[in-house]
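Numbering (the working numbering), first residue to last: 54 to 183.
Don't be surprised by glycine CBs; every beta carbon is placed ideally from N, CA and C.
This one's a predicted model, so the numbers in the text were calculated from it and none came from an experiment.
To keep things clear, I will list the structure first and then write my remarks on it.
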């Protein structure tokens, strides 16, 4: 077998480098498509859900603050104002929960939401007695 000349060896080397580069590029593009699918799912489903959860948490905090304010106030006028603030916070919470329920996507989320609602309902019943 005759040894290859320099020109042929260089062409084979460059062809192998180009071929490996193209294979790597094709692999990268296929992986980026997978990542793009995950990004779309995060953007369309999980980020709005997280915004709703943050809103629900904020509303629960408002309820607790209004409840505490109602308990520590001494004048009837301030207690009435705190009670009105509690009612507003409660209605805002119910609206936030309704918004979140529209975006629940998985069974696990539904179970967690149901558990949250049961605990909050228990808390609200106790708050109404105060």
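Taking 8 Å as the upper bound for CB-CB distance, residue 142 and residue 123 are not in contact here, some 11 Å apart. Counting only the Cα atoms, residue 164 lies some 21 Å from residue 97. Taking a C-beta distance under 8 Å as the contact criterion, residue 109 and residue 153 qualify as a contact pair. The shortest C-alpha to C-alpha distance from residue 116 to any of 178, 146, 157, 92 is the one to 146.
Exposed is the label assigned to residue 140, since fewer than 16 other Cβ atoms lie within 10 Å of its Cβ.
Counting other Cβ atoms within 10 Å of its Cβ, residue 112 reaches 16 or more and is therefore classed as buried. DSSP places residue 141 in the helix class (H, G or I) of the three-state scheme. Secondary structure note for residue 98: it is in no alpha helix (DSSP H), with a DSSP letter that is neither H nor E. Looking at the backbone, the Cα of residue 167 and that of residue 132 are separated by about 32 Å. A check of alpha carbon separations from residue 157 across 176, 92, 106 identifies 106 as the nearest.
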